[in-house]
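Since the structure comes first, as C-alpha coordinates, the remarks are kept for the end.
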Amino acid sequence: MNQRVVLDIGGTHFVTTDSTLKRIPNLFQDATPDDYGVIFVDRDPNYFSYVLNFMRDGSPAFLDTCHEDVIRDIAREAQFYKITELAEMCIFHGQAPSMNDRVKWRTDSIDAYWQLFVRHIVDNSLRLPFHYERNSHTLAKCIACEETFDPKCSYVYDIDMNEWSATRHHMQYITGVVTQKIGTTCCIVKWTNGCQIHLPITAIRKTNPV
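Everything in the sequence shown is counted per this note's numbering, starting at 24 for the first residue and increasing by one.
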(Lines of atoms letter the chains of each structure in order from A and count residues from 1; the text may use other names and numbers.)
(Lines give C-alpha, C1' and ligand atoms only; values in the text may rest on other atoms or scores of the structure.)
Protein backbone atom coordinates (compact mmCIF):
# COMPACT_ATOMS: atom_id res chain seq x y z
CA MET A 1 0.00 0.00 0.00
CA ASN A 2 1.32 3.43 -0.94
CA GLN A 3 2.24 5.63 1.99
CA ARG A 4 0.91 9.19 1.91
CA VAL A 5 3.62 11.86 1.94
CA VAL A 6 3.13 15.57 2.64
CA LEU A 7 5.67 18.01 1.21
CA ASP A 8 5.94 21.62 2.31
CA ILE A 9 7.53 23.45 -0.61
CA GLY A 10 8.21 27.04 0.41
CA GLY A 11 5.09 27.14 2.60
CA THR A 12 2.71 25.36 0.20
CA HIS A 13 1.68 21.78 0.94
CA PHE A 14 1.68 19.09 -1.73
CA VAL A 15 0.37 15.58 -1.08
CA THR A 16 1.74 12.57 -2.94
CA THR A 17 2.83 8.98 -2.24
CA ASP A 18 6.15 7.40 -1.42
CA SER A 19 5.98 5.33 -4.63
CA THR A 20 5.81 8.53 -6.69
CA LEU A 21 8.84 9.99 -4.93
CA LYS A 22 10.79 6.73 -5.31
CA ARG A 23 10.59 7.06 -9.09
CA ILE A 24 13.34 9.66 -8.78
CA PRO A 25 16.42 8.06 -7.19
CA ASN A 26 17.61 9.66 -3.94
CA LEU A 27 14.93 12.37 -4.02
CA PHE A 28 14.50 13.85 -0.53
CA GLN A 29 16.62 11.06 0.93
CA ASP A 30 18.40 13.51 3.24
CA ALA A 31 15.23 15.36 4.24
CA THR A 32 14.02 14.95 7.82
CA PRO A 33 10.24 15.08 8.39
CA ASP A 34 8.98 17.36 11.15
CA ASP A 35 6.93 16.20 14.13
CA TYR A 36 3.88 15.90 11.87
CA GLY A 37 5.69 13.90 9.22
CA VAL A 38 5.89 16.82 6.78
CA ILE A 39 9.02 17.23 4.66
CA PHE A 40 9.99 20.88 4.24
CA VAL A 41 11.93 22.17 1.22
CA ASP A 42 12.93 25.83 1.10
CA ARG A 43 12.04 26.35 -2.54
CA ASP A 44 9.62 28.38 -4.68
CA PRO A 45 6.35 26.38 -4.80
CA ASN A 46 5.01 27.98 -8.00
CA TYR A 47 6.45 25.37 -10.35
CA PHE A 48 6.56 22.31 -8.12
CA SER A 49 3.15 21.10 -9.33
CA TYR A 50 4.69 20.62 -12.79
CA VAL A 51 7.60 18.72 -11.30
CA LEU A 52 5.30 16.54 -9.21
CA ASN A 53 3.00 15.74 -12.14
CA PHE A 54 6.03 14.67 -14.15
CA MET A 55 7.11 12.39 -11.31
CA ARG A 56 3.65 10.85 -11.25
CA ASP A 57 3.35 9.83 -14.90
CA GLY A 58 6.56 10.82 -16.70
CA SER A 59 4.61 12.81 -19.28
CA PRO A 60 5.98 16.16 -20.49
CA ALA A 61 2.72 17.05 -22.30
CA PHE A 62 2.18 20.08 -20.06
CA LEU A 63 5.21 21.76 -21.63
CA ASP A 64 3.30 22.23 -24.89
CA THR A 65 0.96 24.77 -23.29
CA CYS A 66 3.48 26.54 -21.04
CA HIS A 67 4.98 29.93 -21.82
CA GLU A 68 8.69 29.93 -22.53
CA ASP A 69 9.58 31.74 -19.30
CA VAL A 70 7.63 29.11 -17.32
CA ILE A 71 9.53 26.32 -19.09
CA ARG A 72 12.81 27.96 -18.09
CA ASP A 73 11.64 28.07 -14.48
CA ILE A 74 10.54 24.44 -14.60
CA ALA A 75 13.96 23.50 -15.98
CA ARG A 76 15.63 25.30 -13.09
CA GLU A 77 13.48 23.44 -10.56
CA ALA A 78 14.09 20.11 -12.32
CA GLN A 79 17.82 20.71 -12.05
CA PHE A 80 17.48 21.53 -8.34
CA TYR A 81 15.62 18.27 -7.68
CA LYS A 82 18.07 16.44 -9.97
CA ILE A 83 15.33 15.24 -12.32
CA THR A 84 17.57 15.07 -15.37
CA GLU A 85 14.95 13.78 -17.80
CA LEU A 86 12.58 16.69 -17.17
CA ALA A 87 15.40 19.24 -17.34
CA GLU A 88 16.49 17.83 -20.72
CA MET A 89 12.93 17.96 -22.05
CA CYS A 90 12.70 21.61 -21.08
CA ILE A 91 15.95 22.30 -22.91
CA PHE A 92 14.62 20.42 -25.95
CA HIS A 93 11.59 22.70 -26.08
CA GLY A 94 13.85 25.74 -26.08
CA GLN A 95 15.96 24.66 -29.06
CA ALA A 96 15.45 26.29 -32.46
CA PRO A 97 13.53 24.01 -34.86
CA SER A 98 15.44 22.19 -37.61
CA MET A 99 14.36 20.51 -40.84
CA ASN A 100 11.61 17.91 -40.37
CA ASP A 101 11.10 18.85 -36.73
CA ARG A 102 7.58 18.67 -35.38
CA VAL A 103 6.58 22.09 -34.07
CA LYS A 104 3.80 24.03 -32.37
CA TRP A 105 3.00 27.71 -32.05
CA ARG A 106 4.73 29.40 -29.14
CA THR A 107 2.06 30.20 -26.60
CA ASP A 108 3.18 33.82 -26.34
CA SER A 109 3.03 34.31 -30.13
CA ILE A 110 -0.57 33.18 -30.65
CA ASP A 111 -2.16 36.56 -29.93
CA ALA A 112 0.11 38.19 -32.53
CA TYR A 113 -0.45 35.55 -35.22
CA TRP A 114 -3.95 34.13 -34.88
CA GLN A 115 -5.68 36.57 -37.24
CA LEU A 116 -2.92 36.09 -39.81
CA PHE A 117 -3.34 32.34 -39.45
CA VAL A 118 -7.08 32.70 -40.08
CA ARG A 119 -6.34 34.48 -43.35
CA HIS A 120 -4.20 31.55 -44.43
CA ILE A 121 -6.97 29.12 -43.52
CA VAL A 122 -9.47 31.11 -45.60
CA ASP A 123 -7.07 31.59 -48.52
CA ASN A 124 -4.55 28.74 -48.67
CA SER A 125 -2.70 30.33 -51.60
CA LEU A 126 -1.07 32.76 -49.16
CA ARG A 127 2.43 31.93 -47.94
CA LEU A 128 3.68 34.86 -45.87
CA PRO A 129 1.75 36.00 -42.79
CA PHE A 130 2.69 39.68 -43.05
CA HIS A 131 0.62 41.57 -45.60
CA TYR A 132 0.11 45.16 -46.60
CA GLU A 133 -1.69 46.90 -49.44
CA ARG A 134 -0.12 49.14 -52.05
CA ASN A 135 -1.81 50.36 -55.24
CA SER A 136 -4.72 47.94 -54.71
CA HIS A 137 -2.36 44.99 -54.54
CA THR A 138 -1.57 42.90 -51.49
CA LEU A 139 2.14 42.47 -50.92
CA ALA A 140 3.73 39.98 -48.57
CA LYS A 141 7.01 40.70 -46.84
CA CYS A 142 8.54 38.80 -43.93
CA ILE A 143 9.46 40.99 -40.96
CA ALA A 144 12.35 38.69 -40.06
CA CYS A 145 14.17 37.87 -43.31
CA GLU A 146 12.47 40.47 -45.57
CA GLU A 147 11.60 37.89 -48.23
CA THR A 148 8.79 39.15 -50.47
CA PHE A 149 6.21 37.46 -52.65
CA ASP A 150 4.69 38.87 -55.83
CA PRO A 151 1.70 41.19 -55.42
CA LYS A 152 -1.55 39.33 -54.97
CA CYS A 153 -4.95 40.76 -55.96
CA SER A 154 -7.24 37.98 -54.68
CA TYR A 155 -6.53 38.41 -50.99
CA VAL A 156 -9.64 38.10 -48.83
CA TYR A 157 -10.28 41.11 -46.60
CA ASP A 158 -13.91 40.64 -45.52
CA ILE A 159 -13.33 38.12 -42.73
CA ASP A 160 -15.34 38.43 -39.52
CA MET A 161 -12.61 37.61 -37.00
CA ASN A 162 -15.18 37.24 -34.22
CA GLU A 163 -16.44 34.12 -35.97
CA TRP A 164 -12.91 32.73 -35.98
CA SER A 165 -11.92 33.62 -32.41
CA ALA A 166 -11.78 29.94 -31.40
CA THR A 167 -8.70 29.67 -33.62
CA ARG A 168 -6.61 31.08 -30.77
CA HIS A 169 -7.51 28.09 -28.63
CA HIS A 170 -7.00 25.65 -31.51
CA MET A 171 -3.52 27.04 -32.19
CA GLN A 172 -2.33 25.84 -28.78
CA TYR A 173 -2.67 22.24 -29.96
CA ILE A 174 -2.18 22.16 -33.73
CA THR A 175 1.16 20.79 -34.88
CA GLY A 176 3.21 21.17 -38.02
CA VAL A 177 6.45 20.06 -39.64
CA VAL A 178 9.34 22.24 -40.76
CA THR A 179 9.66 21.59 -44.49
CA GLN A 180 12.28 24.23 -45.31
CA LYS A 181 14.77 26.42 -43.44
CA ILE A 182 15.27 29.97 -44.73
CA GLY A 183 18.54 31.36 -43.49
CA THR A 184 18.90 31.56 -39.73
CA THR A 185 15.70 33.47 -39.02
CA CYS A 186 12.83 31.73 -40.79
CA CYS A 187 11.35 28.47 -41.99
CA ILE A 188 8.35 27.08 -43.82
CA VAL A 189 5.93 25.05 -41.72
CA LYS A 190 3.25 22.72 -43.05
CA TRP A 191 0.48 22.50 -40.47
CA THR A 192 -1.83 19.54 -40.00
CA ASN A 193 -4.78 21.63 -41.22
CA GLY A 194 -3.08 21.93 -44.63
CA CYS A 195 -1.75 25.48 -44.30
CA GLN A 196 1.86 25.98 -45.34
CA ILE A 197 3.35 29.22 -44.05
CA HIS A 198 6.65 31.08 -44.05
CA LEU A 199 7.31 32.04 -40.41
CA PRO A 200 10.06 33.47 -38.21
CA ILE A 201 11.41 30.67 -36.03
CA THR A 202 10.61 32.85 -33.02
CA ALA A 203 6.90 32.15 -33.64
CA ILE A 204 7.20 28.38 -33.17
CA ARG A 205 8.92 25.84 -30.98
CA LYS A 206 9.83 22.18 -31.11
CA THR A 207 7.42 19.71 -29.59
CA ASN A 208 7.86 16.11 -28.59
CA PRO A 209 7.79 13.61 -31.48
CA VAL A 210 4.72 11.42 -31.74
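Where a beta carbon is used, it is the ideal one built from N, C-alpha and C, also for glycine. What you are looking at is a predicted structure, and each value in this text was computed from that prediction instead of being measured.
- Going by beta carbons, G199 and V126 fall inside the 8 Å limit.
- Residue burial is scored here from C-beta neighbours: R142 has at least 16 other C-beta atoms within 10 angstroms and is therefore classed as buried.
- Residue pairing of C209 in beta bridges, as defined by DSSP: I205 and P223.
- DSSP, read as helix, strand or coil, puts D96 in helix.
- Taking A101 as the centre and dropping the five residues before and after it, the same chain places the C-beta of V74, L109, A110 and C113 closer than 7 Å to its C-beta, in chain order.
- Short of 7 Å from the beta carbon of I32, and not among the five residues preceding or following it, lie these beta carbons of its own chain, in chain order: V64, R66, P68 and F71.
- Exposure of M122 is indicated by the presence of fewer than 16 other C-beta atoms within 10 angstroms of its C-beta.
- Within the segment 25-102, the runs of beta strand (DSSP E) that reach at least 3 residues and sit entirely inside it are, in chain order, 27-32, 35-40 and 61-64.
- In this structure, A119 places its C-beta atom within 8 Å of the C-beta atom of I224.
- In this structure, the beta-carbon distance from S132 to A226 falls below 8 Å.
- DSSP lists V200 as the beta-bridge partner residues of R125.
- Shown here for L30: same chain residues with a beta carbon closer than 6 Å to its own, the five before and five after excluded, namely F37 and I62 in chain order.
- The alpha carbon of F77 has as its nearest neighbour, out of A54, A135 and Y104, the alpha carbon of Y104.
- Look at R191 here: in three-state DSSP terms it is helix.
- Shortest Cα-Cα distance from T207 to any of L44, N231, V145 and E170 involves E170.
- A residue is called buried once 16 or more other Cβ atoms fall within 10 Å of its Cβ, and M194 is buried on that count.
- If you compare the alpha carbons of N25, T55, H90 and Y196 with that of T43, the shortest gap goes to N25.
- Secondary structure of R228 (DSSP, three-state): strand.
- For K229 against D124, the beta-carbon gap comes to about 5 Å, under 8 Å, which counts as contact.
- Rounded to the nearest whole angstrom, the C-alpha separation of W214 and D80 is 29 Å.
- Judged by beta-carbon spacing, T107 lies beyond the 8 Å limit of F140, meaning their Cβ atoms are not closer than that value.
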